[in-house]
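Engineer: Can you read through this structure? Questions will come right after.
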Amino acid sequence: MQTATRSTFFDITSEQGLLRTSIAVTLFIASIGIAFGVASGSYSIVFDGVYSLVDASMSGLSLVVVKLITSHTTSVQMSRKLRERFTMGFWHLEPMVLALNGILLSGVAIYALINAVSSLLQGGRHLEFGIAMVYAVLTVITCVTIAVIEARANRQLKSDFVAMDVKGWVMSASITAALLVAFCFGYAVQGTSLEWVSPYIDPAVLALVCLVIVPLPMSVVRQALSEILLVTPSDLKEHVDEVAKAFVKKHGLQSYRAYVAKVGRSREIELYFIVPPEMGAKNIDEWDALRNEVGDAVGGEGPDRWITVVFTGDKEWAE
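Quick note: the sequence shown, position 216, residue 215 per numbering that gives the first Met the number 0, numbers continuous.
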């Protein structure tokens, strides 16, 4: 029973299971990174460990948000009081967490870049290249393995959180691969005429890695901010407009107003159809049938679609 529970807890075919697995591995990498960094005297390895800790903390927050969204949309494992306080759901938390994640990761990289430049100006630092190389090899293998597993699983899940996590693992693998190359070079020049370069290798590589990392999360931050600000996605608006125009023409309505937004994984759609005064009266079943027709035409029915269809003869209700 315990084995079954554990395998479900770390189920790599589910969004929550993937995030739990990622958090567990990230905490392990962060722990050995800080330990190896202190033992070898490498600030770049310590940075790698701290970066992983920040990533793990944000993955933990993402997991909480995923659980809230899933519980709300499936009506399970959620207290009545919490459901009454958040009647509109928890989709709005997803872009907030993604934005915070990207900003924090870039902030950590900027801080490390400042320290790296300061160290270069002070003559660099000496480190144990052998210990550093062992850490780098182990970490690259782990990061690549987790990134591949998550990327394959996300082909079916299509989760923004998992996609962000995959980018994090790819970034970590790239960082550590760059460190490995630098450590190998530093190890190779020991006892040669180029040994004077050794103290500068660690801060120089750290600075280069940070310069690459800082802008990477910005695309995710930009997308998240557009969702927080309810910027209308052009592709969704175009699709809804096509559906509404065809519906107006088919049923002889006056016009329509469409309002759409994408917030995290949710699609929020409001459609107001202006009914002409001469249109005959209909009973509630007939109006519901028209609403179902609109919903089917819009498509994407599921727990993450929030659609409202209103019929009114007063344009002010639609503005």
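Just so you know, even glycine gets a beta-carbon here, dropped at the ideal spot from N, CA and C.
Here the structure is a predicted model, which means the values were calculated and not measured.
1) Could you tell me which residues DSSP puts in a beta bridge with PHE310?
2) By DSSP, does ALA3 sit in helix, in strand, or in coil?
3) Hey, ALA29 and SER51: beta-carbon distance below 7 Å or not?
4) Taking the beta strand (DSSP E) that VAL259 belongs to, which residues open and close that run?
5) Could you tell me if LYS261 is buried or exposed, where buried requires 16 or more neighbouring beta carbons within 10 angstroms of its beta carbon?
6) Looking at C-alpha atoms only, which residue of GLY106, LEU62, TYR186 and GLU127 is the closest neighbour of LEU18?
7) Which class does GLU277 belong to by DSSP, given the choice of helix, strand or coil?
8) Please classify TRP305: does DSSP put it in a helix, a strand, or coil?
9) When the Cα of PHE128 is compared with those of HIS71, MET77 and TYR186, which residue comes out closest?
10) Counting only the same chain and skipping the five closest in sequence on each side, list residues whose C-beta sits under 7 Å from that of ALA181.
11) Tell me which same chain residues have a C-beta within less than 8 Å of the C-beta of ASN291, skipping the five on either side of it?
12) In three-state terms, what does DSSP make of ARG124?
13) In three-state DSSP terms, what is SER41?
14) Quick check: the segment 161-171 against the segment 141-151, are at least 3 beta-carbon pairs closer than 8 Å?
15) What number of angstroms, rounded off, separates the C-alpha of GLY123 from the C-alpha of VAL37?
16) Which of helix, strand or coil does DSSP assign to GLU241?
17) For the structure I just gave you, are there three or more beta carbon pairs, one from the segment 77-92 and one from the segment 236-251, closer than 8 Å?
18) Following the continuous alpha helix (DSSP H) through GLY167, name the residue where it begins and the one where it ends.
19) Rank HIS125, THR72 and GLY298 by C-alpha distance to the C-alpha of GLU189 and give the top, closest one.
20) Specify whether the segment 211-226 and the segment 92-105 touch according to this definition: at least 3 beta carbon pairs, one from each stretch, less than 8 Å apart.
21) Please report the straight-line C-alpha distance between ALA280 and ASP287, rounded to a whole angstrom.
22) I'd like to check one pair, THR86 with PRO302: are the Cβ atoms closer than 7 Å?
23) Have a look at SER158 and PRO232 and give me their C-alpha separation to the nearest angstrom.
24) Would you call GLY263 buried or exposed, if buried means 16 or more other Cβ atoms sit within 10 Å of its Cβ?
25) Opposite GLY265 in the DSSP bridges: which residues?
26) Mind checking which residues open and close the alpha helix (DSSP H) that includes GLY294?
27) Which of the three DSSP states is assigned to GLU318 in this structure?
28) Would DSSP call MET217 helix, strand or coil?
29) Note down, one range per segment and in chain order, each alpha helix (DSSP H) of at least 4 residues found wholly within the segment 23-84.
Structural biologist: Per the coordinate set shown:
1) PHE310 has PHE272 as its beta-bridge partners, per DSSP.
2) Confidence is the limiting factor: at ALA3 the pLDDT is only 45, short of 50, which leaves the residue's position unreliable, though a coordinate-based value still follows. Helix at ALA3.
3) yes
4) 254-262
5) buried
6) LEU62
7) coil
8) In this structure, TRP305 counts as strand in the three-state DSSP scheme.
9) TYR186
10) ILE200 and VAL204
11) none
12) coil
13) coil
14) These segments touch.
15) 16 Å
16) helix
17) no
18) Here the alpha helix (DSSP H) through GLY167 covers 159-187.
19) Glu is not the amino acid found at residue 189; the sequence shown has Gln there. Looking at the Cα atoms, HIS125 is the closest of the given residues.
20) yes
21) 13 Å
22) no
23) 18 Å
24) Around the beta carbon of GLY263, a 10 Å sphere encloses 16 or more other beta carbons of the protein chains shown; the residue is thus reported as buried.
25) Note that residue 265 corresponds to Ser in the displayed sequence, not to Gly. According to DSSP, SER265 bridges with VAL262.
26) 283-297
27) coil
28) helix
29) 42-73 and 79-84
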